[in-house]
Amino acid sequence: EGRSAAGRALSAGAVTAAVVAAVRHTETPYDRLLMSGVPRGEARRRIAAAVEATLSAWRTAPSGRAASA
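The working numbering applies: residue 1 is where the sequence shown begins, and numbers increase by one.
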């Protein structure tokens, strides 16, 4: 039978966390920082402004068009 629709629904928090993680890994040097030995917390601190700038640009992009960061 599987799970109910409510059981399969994603929370807004889960979706937001997934989008933030995607931005972190694809739009910033986060992975390079980790590979060069920077601790995770420090790497996240260093890229936090870039993540927020990308998310802000996406939030304000005209409907139907992606904004470039």
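Glycine included, each C-beta is placed from N, C-alpha and C at the ideal position. Only a predicted model underlies this, so the values are computations on that prediction, with no experimental measurement involved.
Query raised in the report: Between S56, L34 and L33, which lies nearest to V19 when the distance is taken from Cα to Cα?
Result: S56
Next item on the list: Give the range of the alpha helix (DSSP H) segment to which S56 is assigned.
Entry: R40 to T60
Please name the residue in L10, A22, R46 and S11 whose C-alpha comes closest to that of W58.
A22
Task: Pairwise C-alpha distance: A50 and S63 - done: 22 Å
Which same chain residues end up closer than 7 Å to T28 when comparing Cβ atoms and leaving out the 5 residues on each side of it in sequence?
I47, A50 and V51
Practice item. Using three-state DSSP, classify G37 as helix, strand or coil. Key: coil
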